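Asks:
Protein chains: 2
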Amino acid sequence: MDRPATHDNRFDRRLAEILDYATEIFAEKGYDGASMRDLSRLSGISLAGLYYYFESKEKLLYFIQQHTFSTIMLRLRERLAVSSDPEERIRIFIRNHVEYSVDRQKSMKVLSHEDDVLRDGFGAELAATKREYYRICIGLVEALKKADELQPGVGTRTAVMALFGMMNWLYTWYRPGVDPGADVLSREIGDIFLQGIRGGNLRGETVPSSGERGKLSTSPAGAETGKSSRKQK
Amino acid sequence: MDRPATHDNRFDRRLAEILDYATEIFAEKGYDGASMRDLSRLSGISLAGLYYYFESKEKLLYFIQQHTFSTIMLRLRERLAVSSDPEERIRIFIRNHVEYSVDRQKSMKVLSHEDDVLRDGFGAELAATKREYYRICIGLVEALKKADELQPGVGTRTAVMALFGMMNWLYTWYRPGVDPGADVLSREIGDIFLQGIRGGNLRGETVPSSGERGKLSTSPAGAETGKSSRKQK
DNA sequence: ATAGAATCAGAACGACCGTTCGAATCTGAA
DNA sequence: TTCAGATTCGAACGGTCGTTCTGATTCTAT
């Protein structure tokens, strides 16, 4: 009876296909280094034909990054809903991020490596999502700290950024088939992080006076997920 | 008496100055996004004048990366020479890397972010240095493992890559004046890493059977410092 | 004073860039 | 079979790119 929007499905599927090709060349050559003619060649669609599906190269990158990030975010929310244990929730966060990184390495590379390319409208929306993602992680870590009643040797911001570093650096070295699978990798990174922020096991045991500097946040700028800014051409 | 090569000193100083400007724009806009005309504008040197000091944009990037990396390597060797304690040596490694990252953030960004741009001659030499750097770190971690007699819950390669991740991600989020100084930061990252790879402090205590998968290195490719390859335009 | 190093403006080179346009082709409902 | 709308295309536009050339000038050390 209702066969709604036969074009739209068609259109969306084709666009998704193009997005996959675009992800590939952006990952290979970088956003600036990749040309629309590269994409045309790889996808087999004529240069002009591409522009039937999106209005600009910038928008193309936006589509990729937005889709990647919102997928990660969506899965995270689903998975976090099933547990209220602080440690387990952090492991879920890591597992979710690492699994996606391993699964869709190229998408993740485009998201991480071309982080500061988009500006204004597109960039702002992504930045907001990213800040939210960062805030979630901060929340998880602070919940753990409270539950464990541990006086922190490492500041929360540093800890979270270190965690993002471990996870986001994956795209530079991970080789499927050579390196451990997402499950093992998640456990390993989780182990390092959790043992890392929990005390003990240190030689000097310089417990007091450490980290978390006195004056807190005299900074004008708000918190960021990372990634410095890049001036436009 | 001997006043040798007065030009050469001049030449080198001027080149170094240009390299600083180039580091700035490469960090700002990325290698592909930055143009020689940008560099000309920023440095105040005419477009043609620039080519008196180097033969191509590629070589420019090579100079920057090569100088940055060899400086880090040089300092590392000096500092490692003064200690033979496994933990302290790892802390020295971290301290050396983090200090430089904080001190010369832009150089470090160009080194990390534009990692896979150079190919062939230039790229190969840098890749070799990088592999050596990675090997040193592997050696330090394995020395610690042996000294501590700890059965590892985390594979050495994963651990080292996680460490590189924590350190190399710095350029994306670190803000001087807002975030801790290099000394505190080094200690924090060192704490996370060292406590992280030493056991204990975990809930489940799934000590055996974990990580370090059975078949070791069936991979054809050699070990890498990280960073995937990028196809040339 | 003078040779040679350093620098300049300006134009030009061919190559490639992102994007657009009008025409051609295809597709599915009538 | 028709035909409107969806889809695709070749060709071109105006720019910018890295690099080189010319020819002249300005520094600088002797």
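Protein chains in written order, with the working numbering: chain A, -8 to 224; chain S, -8 to 224. For every residue, glycine included, the Cβ atom is placed at its ideal position computed from N, Cα and C. Keep in mind that this is a model prediction, so the values were computed, not measured.
Identify the contact partners of Leu135 (chain A) in chain S, using a Cβ-Cβ distance below 9 Å as the criterion.
Replies: Per Cβ cutoff of 9 Å: no residues; Leu135 (chain A) is ~11 Å from chain S at best.
Asks: Cα-Cα, which of S:Ser177, S:Leu41, S:Arg80, S:Lys50 is closest to Ala150 (chain A)?
Replies: Nearest option by C-alpha distance: S:Ser177.
Asks: For a cutoff of 8 Å on Cβ pairs, would you count Glu123 (chain S) as touching chain A?
Replies: Closer than 8 Å: no.
Asks: For the putative contact between Met157 (chain S) and Gly156 (chain A), defined by C-beta atoms under 8 Å, what is the C-beta separation to the nearest angstrom?
Replies: So it is a contact: roughly 4 Å between Cβ atoms.
Asks: Shorter than 8 Å from the beta carbon of Asp174 (chain A) to some beta carbon of chain S?
Replies: So, not an interface residue.
Asks: Can you pull the chain S neighbours of Met99 (chain A), defined as C-beta to C-beta under 8 Å?
Replies: The contacting residues do not exist; Met99 (chain A) stays about 11 Å from chain S at best.
Asks: Should Ala153 (chain A) be labelled buried (16 or more other beta-carbon atoms within 10 Å of its own) or exposed?
Replies: Buried.
Asks: Mapping DSSP to helix, strand and coil, what is Pro167 (chain S)?
Replies: Pro167 (chain S) falls in the strand class under three-state DSSP.
Asks: Going by DSSP, what residue range makes up the alpha helix (DSSP H) through Val151 (chain A)?
Replies: First-last of the alpha helix (DSSP H) with Val151 (chain A): 147 to 159.
Asks: For the alpha helix (DSSP H) containing Arg70 (chain A), list its first residue and its last residue.
Replies: Its alpha helix (DSSP H) spans residues 48 to 71.
Asks: Roughly how many angstroms separate the alpha carbons of His58 (chain S) and Ile129 (chain A), rounded to a whole number?
Replies: About 37 Å.
Asks: Interface residues of chain S around Glu179 (chain A) at Cβ under 9 Å?
Replies: Near Glu179 (chain A) (Cβ distances below 9 Å), the residues of chain S are Gly144, Val145, Gly146, Thr149, Ala150, Ala153, Ser201, Gly202.
Asks: Using the beta-carbon of each residue, which ones in chain S are nearer than 7 Å to Asp23 (chain A)?
Replies: Within chain S, the residues near Asp23 (chain A) are Gly21, Asp23, Gly24.
Asks: Determine the DSSP secondary structure at Glu78 (chain A), reduced to helix, strand or coil.
Replies: Glu78 (chain A): helix per DSSP, three-state reduction.
Asks: Closer than 8 Å, CB to CB, is Arg28 (chain A) near chain S or not?
Replies: Not an interface residue.
Asks: For the pair the stretch 162 to 179 of chain A and the stretch 51 to 68 of chain A, tell me if three or more CB-CB distances fall below 8 Å.
Replies: Counting Cβ pairs under 8 Å, fewer than three are found: no touch.
Asks: In chain order, what residues of the same chain have a beta carbon less than 8 Å from the beta carbon of Ile85 (chain A), not counting five sequence neighbours either side?
Replies: Result list for Ile85 (chain A): Leu154, Met158, Ser177, Ile180, Gly181, Phe184, in chain order.
Asks: My guess is that Ala138 (chain A) and Pro77 (chain A) are in contact by the Cβ rule of under 8 Å, so how many angstroms apart are they, rounded?
Replies: Between Pro77 (chain A) and Ala138 (chain A) the Cβ distance is about 5 Å, and since that is below 8 Å, they are a contact.
Asks: Can you tell me where the alpha helix (DSSP H) holding Phe184 (chain S) begins and where it ends?
Replies: Taken as a continuous stretch (DSSP letters only), the alpha helix (DSSP H) holding Phe184 (chain S) covers 173 to 188.
Asks: Have a look at Arg110 (chain S) and Tyr124 (chain S) and give me their C-alpha separation to the nearest angstrom.
Replies: Taking the straight line from one Cα to the other gives about 19 Å.
Asks: Which of the residues in the stretch 70 to 98 of chain A, read from start to end, lie with their CB under 7 Å from any CB of chain S?
Replies: Going along the stretch 70 to 98 of chain A in chain order, one finds Glu78 with a Cβ nearer than 7 Å to chain S.
Asks: In angstroms with no decimal places, state the Cα-to-Cα distance between Gly195 (chain S) and Arg82 (chain A).
Replies: For Gly195 (chain S), the pLDDT reaches just 49, beneath the cut-off of 50, and the residue's location in the model is therefore unreliable, although a value from the coordinates is still provided. Those two C-alpha atoms are separated by around 12 Å.
Asks: Taking only the alpha-carbon atoms, compute the straight-line gap between Gly190 (chain S) and Arg80 (chain S) and give it to the nearest angstrom.
Replies: Their backbone Cα atoms lie some 20 Å apart in a straight line.
Asks: State yes or no: is the beta carbon of Asp11 (chain A) nearer than 8 Å to at least one beta carbon in chain S?
Replies: Taking Cβ atoms only, chain S never reaches closer than 8 Å to Asp11 (chain A), which makes this a no.
Asks: Need the endpoints of the alpha helix (DSSP H) that Ala119 (chain A) sits in, please.
Replies: 111 to 139 is the extent of the alpha helix (DSSP H) around Ala119 (chain A).
Asks: Measure the C-alpha to C-alpha separation of Gly172 (chain S) and Thr163 (chain S) and round it to an integer number of angstroms.
Replies: Distance between the alpha carbons of Gly172 (chain S) and Thr163 (chain S): 16 Å.
Asks: Does the distance from the CB of Ile55 (chain A) to the CB of Phe17 (chain A) come in under 8 Å?
Replies: Going by C-beta atoms, Ile55 (chain A) is nearer than 8 Å to Phe17 (chain A).
Asks: Would you kindly work out how many angstroms separate the C-alpha atoms of His88 (chain S) and Ala72 (chain A), rounded to a whole number?
Replies: Taking the straight line from one Cα to the other gives about 39 Å.
Asks: So is Gly35 (chain A) buried or exposed if we call it buried at 16+ other beta carbons inside 10 Å?
Replies: By the neighbour-count rule (16 or more Cβ atoms within 10 Å), Gly35 (chain A) is not buried but exposed.
Asks: Just to confirm, is the Cβ distance from Ser26 (chain S) to Leu41 (chain S) under 8 Å?
Replies: No.
Asks: What's the gap between the Cα of Glu116 (chain S) and the Cα of Tyr22 (chain S)?
Replies: Going by the C-alpha atoms only, they are around 19 Å apart.
Asks: In whole angstroms, what is the alpha-carbon distance linking Ala118 (chain S) and Val108 (chain S)?
Replies: Rounded to the nearest angstrom, the two C-alpha atoms are 11 Å apart.
Asks: For the alpha helix (DSSP H) that Gln96 (chain S) lies in, which residues bound it at each end?
Replies: Residues 96 to 104.
Asks: Identify whether Gly40 (chain A) lies in helix, strand or coil by the three-state DSSP scheme.
Replies: In this structure, Gly40 (chain A) counts as helix in the three-state DSSP scheme.
Asks: Residue range of the alpha helix (DSSP H) that Ser26 (chain A) falls in?
Replies: Ser26 (chain A) -> no alpha helix (DSSP H), and no H or E assigned at all.
Asks: Give the DSSP-derived three-state secondary structure of Asp107 (chain A) in the structure shown.
Replies: Three-state DSSP puts Asp107 (chain A) in coil, outside helix and strand.
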